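Protein chains in written order, with the working numbering: chain A, 10 to 271; chain B, 14 to 413.
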């Protein structure tokens, strides 16, 4: 069995600020990590590898420094790593990213499972997984919490708006993983990192995967960022002052006025 | 453009794959007729990859034929027997879509895939739809990514809307990216604001967990697609208007459903347990100090006929269960009244409640960011206020 895991390098915090003068993101001083949902997807793949004698390939797309998340994947137990890195990919939106990833996955040959995190903590779109599944013409199950493999079938438990559902699907299939609350990212030992240097690692360009340039990067992306800005400040706040009893009465008066006291 | 290459082996597997009966076999070769909508359903059906769809150069496409605003109508799927209800988020999208359509001077349509029509043109029309595109098939009663995406992509290819809105629910976020990927359309996730800018859909959304906002445009593709966060847009009052019904017969090829749902479990979906259905929310944060003190909020909420919510900090500290968490990683709410007690107002919390009609914030830190969204603010120890407030409300209710 061959499992492909898609991972993304993201800033290690959601505490990103905007430079008010330039309107650009301030990323300096924020270390990068593997997107936690992808990390969970990778651990899911590695657990399946233990049970089913599977081969795990980690694929990422990003600037040259994104090499570190692929290397982390190898150190944690993946067998092969691929980084899609090319100036032609820069500025790709979820459409262009799914396109490039799907070409890379096809180039890897046969696979049974593609696992992705349900979304990345920087963009929060949850669109790349389904996009890749569509480009590969394979079924998808999104927001999975648990995966089992039995013969040629995958069994999943997935979250719904109402609770959860259990589903069964023939492989190959793409699954996006939702991590459970108590998941803690595991980190490799120095020995694991040292040994992972021997594992196959490739950097592929747009040409290597046979991608059409008109579907890549900023120009090939159907969505374009018009503007980024800090969340707007809300309304004028009227402060209520006085002793606690007086304040309580003022609040009750407001509730009466606004028709909130029934 | 769609083409059948010479390598076609005449196996005819593509014929039943077409939802529009646009493929037939002529002398051991597949031939595609003018009923084709370029939906792409036949492409994966071909075992030798002989069917090729080439799309126009995205930068030079002509969009003049794309007109109108569409909303995907999502139904409740609580597993209960009987007809499914239209989800409230669908009405939110129609209300918002109506404004966009009016500004562009175009029609608003709802897309309904259902087992059977149940006067949907009346309910959807009442909330703003001019038209309802309806396809009836028993396969639609259980959502399936492959079936829904192929059918909707086909409808889009046929009728060419310029804007297409989906709810950012589990279903909408599963479906919309699949369609966008199939038809090369720009898709913006989880929007909290929509408007028209120079004739284009301007989509505003939070990113980095709500720390920044981004405005996104999709100038070079159609339709301009967006998923919209539930409970952010307000539902307009219904009218007695009925939408025009356009029925679309679509044939669902056998074997199209590849994911088999074995079991569905419904937990905490009844509206009485749902924080996003409450008109009044009394919410507590870290400042409530303990689970015991937090529980005082229950009494206030009950008196007001509302529900208790919590910040992420309060949930993490075990004051309240996760299903009551308000914010980016919990539920987005937009009640008539939101009373924030001892909540400092992390940006992830604010994005989940700031569209509430009236926000009253009680916090002892005058610089707490919760005050930036509050209409009324109280700088005080919340524990000194709540007891008095409960007494005052009791008194007021007796007097009434």
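Just so it is clear, CB atoms sit at the ideal spot from N, CA and C, and this is done for glycine as well. Quick caveat: nothing in here was measured; it's all calculated off a predicted structure.
Here's the rule I'm using: 16 or more other beta-carbon atoms within 10 Å means buried, otherwise exposed. How should residue 61/B be labelled? Along the second chain, read from residue 1 onward, the residue named residue 61/B stands at position 48. Exposed.
Contact set between residue 256/A and chain B, taken where Cβ atoms lie within less than 7 Å: Numbered from 1 along the first chain, position 247 holds the residue referred to as residue 256/A. The answer, in chain order, is 391, 393, 398.
Does the beta carbon of residue 234/B sit closer than 8 Å to a beta carbon anywhere in chain A? The sequence position of residue 234/B within the second chain is 221, counting from 1. Output row for residue 234/B: interface = yes.
Sequence-distant residues of the same chain with beta carbon closer than 7 Å to residue 168/B, five excluded per side: One-based indexing of the second chain puts residue 168/B at position 155. The residues are 124, 146, 261.
DSSP state of residue 21/A, grouped into three classes? Along the first chain, one-based indexing puts residue 21/A at 12. If DSSP states are grouped into helix, strand and coil, residue 21/A belongs with coil.
At which residues does the alpha helix (DSSP H) containing residue 305/B begin and terminate? Residue mapping note: residue 305/B aligns to position 292 of the second chain, counting from 1. From DSSP, the alpha helix (DSSP H) with residue 305/B extends over 304 to 307.
Taking only beta carbons into account, state which residues of the region 231 to 249 of chain A come closer than 9 Å to chain B, listed in chain order. 231, 232, 233, 234, 235, 236, 237, 238, 239, 240, 241, 242, 243, 244, 245, 246, 247, 248, 249
To the nearest angstrom, how far is the alpha carbon of residue 2/B from that of residue 41/B? Given a span of 14 to 413 for chain B in the structure shown, any question on residue 2/B remains unanswerable.
Would you check if there are 3 or more beta carbon pairs closer than 8 Å linking the region 138 to 145 of chain B to the region 269 to 280 of chain B? no
From 48/B, 18/B, 54/B, 15/B, residue whose alpha carbon lies closest to that of residue 267/B: Against the second chain, residue 267/B aligns to sequence position 254. The option with the nearest alpha carbon to residue 267/B is 54/B.
Which residues does DSSP list as the beta-bridge partners of residue 211/A? As a first step, residue 211/A is located in the first chain; it is residue number 202 there, counting from the start. DSSP output for residue 211/A lists 91/A as bridge partner(s).
Under 7 Å Cβ to Cβ from residue 50/B, same chain only, skipping five residues before and after it: list those, please. Start at 1 with the first residue of the second chain, and residue 50/B comes out as number 37. Closer than 7 Å at the Cβ level, and outside the excluded window around residue 50/B, lie 33, 167, 170, 171.
For a cutoff of 8 Å on Cβ pairs, would you count residue 21/B as touching chain A? Locating residue 21/B in the second chain gives position 8, counting from the first residue. Not a single C-beta of chain A is nearer than 8 Å to the C-beta of residue 21/B.
I want to see whether chain A comes within less than 8 Å of residue 161/B, judged by CB atoms only; does it? One-based indexing of the second chain puts residue 161/B at position 148. Taking Cβ atoms only, chain A never reaches closer than 8 Å to residue 161/B, which makes this a no.
At which residues does the alpha helix (DSSP H) containing residue 162/B begin and terminate? Position 149 of the second chain, counting from 1, holds the residue named residue 162/B. 158 to 172 is the span of the alpha helix (DSSP H), which, as asked, contains residue 162/B.
Is residue 397/B helix, strand or coil when you go by DSSP? Residue mapping note: residue 397/B aligns to position 384 of the second chain, counting from 1. Under the three-state reduction of DSSP output, residue 397/B falls in the helix class.
Need the endpoints of the beta strand (DSSP E) that residue 153/A sits in, please. Translated into the one-based positions of the first chain, residue 153/A becomes position 144. 149 to 159 is the extent of the beta strand (DSSP E) around residue 153/A.
Indicate the three-state DSSP secondary structure (helix, strand or coil) for residue 246/B in the structure shown. Working through the second chain from its first residue, we reach residue 246/B at position 233. Coil, per DSSP.
Is the beta carbon of residue 111/B less than 8 Å from the beta carbon of residue 249/B? As a working mapping, residue 111/B is identified with position 98 in the second chain. As a working mapping, residue 249/B is identified with position 236 in the second chain. Cβ atoms of residue 111/B and residue 249/B: closer than 8 Å.
Are the C-beta atoms of residue 278/B and some chain A residue less than 8 Å apart? In the second chain, counting from the first residue as 1, residue 278/B sits at position 265. For residue 278/B, the answer is yes, since a Cβ of chain A falls inside 8 Å of its Cβ.
Run through chain B and tell me which residues come within less than 8 Å of residue 265/A, C-beta to C-beta. Position 256 of the first chain, counted from the start, is the residue given in the question as residue 265/A. Result: 409.
For residue 146/A, go through chain B and note every residue whose CB falls closer than 8 Å to its CB, in chain order. Numbered from its first residue, the first chain carries residue 146/A at position 137. Correct list: 56, 57.
When burial is assigned at 16 or more other CB atoms within 10 Å of the CB, is residue 413/B buried or exposed? Start at 1 with the first residue of the second chain, and residue 413/B comes out as number 400. No answer about residue 413/B holds up, because its pLDDT of 49 lies below 50 and its placement is not dependable.
Three-state secondary structure (DSSP) at residue 366/B? Counting from one through the second chain, the residue named residue 366/B turns up at place 353. Three-state result, residue 366/B: coil.
What in chain B is Cβ-close to residue 177/A, meaning under 7 Å? The residue you call residue 177/A lines up with position 168 of the first chain. Neighbours of residue 177/A on chain B, chain order: 273, 275.
Report the rounded CA-to-CA distance for residue 14/A versus residue 87/A, giving the unit in angstroms. Numbered from 1 along the first chain, position 5 holds the residue referred to as residue 14/A. Numbered from 1 along the first chain, position 78 holds the residue referred to as residue 87/A. Near 9 Å, if we compare the C-alpha coordinates of residue 87/A and residue 14/A.
Which residues of the region 104 to 121 of chain A have a Cβ closer than 7 Å to any Cβ of chain B? Give them in chain order. 104, 107
What is the residue span of the alpha helix (DSSP H) that residue 81/A lies within? The residue labelled residue 81/A in the question sits at position 72 within the first chain. Membership of residue 81/A in the alpha helix (DSSP H) is indicated by the continuous run 76 to 85.
What does the Cβ neighbour count give for residue 327/B, buried or exposed, with the cut at 16 atoms within 10 Å? Within the second chain, residue 327/B is the residue found at index 314, counting from 1. Classified as buried, residue 327/B has 16 or more neighbouring CB atoms from the shown chains inside 10 Å of its CB.
To which residues does DSSP link residue 295/B through a beta bridge? Position 282 of the second chain, counted from the first residue, corresponds to residue 295/B. Residue 295/B has 321/B, 352/B as its beta-bridge partners, per DSSP.
Please work out which residues of its chain come closer than 6 Å, Cβ to Cβ, to residue 316/B, disregarding the five sequence neighbours upstream and downstream, and give them in chain order. Stepping through the second chain from its first residue, residue 316/B is reached at position 303. Contacts found: 406.
Excluding five sequence neighbours on each side, which residues of the same chain lie with their C-beta closer than 8 Å to the C-beta of residue 47/B? Position 34 of the second chain holds residue 47/B. Setting aside the 5 residues that flank it on each side, residue 47/B is surrounded in the same chain by 35, each with a C-beta closer than 8 Å to its C-beta; the list follows chain order.
Measure from the alpha carbon of residue 39/A to the alpha carbon of each residue in 337/B, 77/B, 397/B, 221/B, then state which is nearest. Stepping through the first chain from its first residue, residue 39/A is reached at position 30. Of 337/B, 77/B, 397/B, 221/B, the residue nearest in Cα terms is 221/B.
Pair every Cβ in the region 194 to 214 of chain A with every Cβ in the region 141 to 148 of chain A, then say whether three or more of these pairs are closer than 8 Å. No, they do not touch.
In this structure, how does DSSP classify residue 189/A when only helix, strand and coil are distinguished? As a position in the first chain, residue 189/A is number 180, starting the count at 1. DSSP places residue 189/A in coil when its eight states are reduced to three.
Determine whether the Cβ of residue 226/B lies closer than 8 Å to any Cβ atom of chain A. In the second chain, residue 226/B corresponds to position 213, counting from 1. For residue 226/B, the answer is yes, since a Cβ of chain A falls inside 8 Å of its Cβ.
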